Amino acid sequence: MKKSQSPPGPSSLMHRDRLSLVGMTFHAHHGYEEHEITNGQRFEVDVEMILDITQAATTDLLSDAVDYRRVYQQIQDIVLKQRFYLIETLSLRVATTILENFPVAEVTVRVRKPVAPLGGLANGTQVEITRKKT
0 MKKSQSPPGP SSLMHRDRLS LVGMTFHAHH GYEEHEITNG QRFEVDVEMI LDITQAATTD
60 LLSDAVDYRR VYQQIQDIVL KQRFYLIETL SLRVATTILE NFPVAEVTVR VRKPVAPLGG
120 LANGTQVEIT RKKT
């Protein structure tokens, strides 16, 4: 930076604030095995959204914020009302829905199956995806 230039102000910097919903738990009927579809099982979902919270933090108004109740409702609708063979597909659907419906730049979605049919002992399976708004 030249001496004659002033440092960039806050408005010119990229904000990478995070809003997370952690440990959402649902009983749903996703999977490939017949018993997974028939009986259902527990799924855990975490979502981390990258956004600029400056306006909401300044005004203290919900109307200037991403309403995480609405985010939760949309995730719940996807997990409980739609059916997927793969948690990869479920993860992508959640990420796409958030990017399309909320002012976020990026989202990371983690979906866990704590009791996956592995044929051995494990703490389950997890898929993590990150998608950016284009």
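With numbering that gives the first Met the number 0 applied, the sequence shown closes on residue 133, and no number is skipped along the way.
Ideal Cβ placement from N, Cα and C applies to all residues, glycine included.
Note that this is a predicted model, so its numbers are computed, not measured.
**Asked** Hey, isoleucine 36 and histidine 29: beta-carbon distance below 9 Å or not?
**Response** yes
**Message:** Let's see if you can read the secondary structure: which residues bound the beta strand (DSSP E) around aspartate 59?
**Reply:** Here aspartate 59 belongs to no beta strand (DSSP E), and DSSP marks it neither H nor E.
**As assigned by DSSP and simplified to three states, the class of methionine 0** = Residue placement at methionine 0 is poorly supported in this model, since its pLDDT is 45, which falls under 50; the coordinates still yield a value, given next. Here methionine 0 sits in coil by DSSP.
**Request:** Using only alpha-carbon positions, find the residue among Lys132, Gly39, Val126, His14 that is nearest to arginine 82.
**Result:** Gly39
**Item:** the region 91-100 / the region 114-122 touching (three or more Cβ pairs under 8 Å)
**Value:** The region 91-100 makes no contact with the region 114-122, as fewer than three CB pairs between them are under 8 Å.
**Item:** Same chain, Cβ closer than 7 Å to valine 65, five either side skipped, listed in chain order
**Value:** Leu18, Met48, Leu50, Phe101, Pro102, Val103
**Prompt:** If you draw a straight line from the C-alpha of leucine 60 to the C-alpha of arginine 41, how long is it?
**Reply:** 35 Å
**Message:** Rounded to whole angstroms, what is the Cα-Cα separation between threonine 129 and glutamate 32?
**Reply:** 27 Å
**Request:** Output the distance between the C-alpha atoms of valine 46 and histidine 14, rounded to the nearest integer angstrom.
**Result:** In a straight line, the C-alpha of valine 46 is about 18 Å away from that of histidine 14.
**Residue range of the beta strand (DSSP E) that includes glutamate 127** = Start and end: 124-131.
**Asked** From glutamine 54 to aspartate 63, what does the alpha carbon distance come to, in whole angstroms?
**Response** 6 Å
**Prompt:** In whole angstroms, what is the alpha-carbon distance linking serine 10 and threonine 133?
**Reply:** Annotation note: pLDDT 44 at serine 10 (below 50); position unreliable, coordinate value reported separately. Cα-Cα distance, rounded: 21 Å.
**Proximity of valine 70 and leucine 20 at Cβ, strictly below 9 Å** = yes
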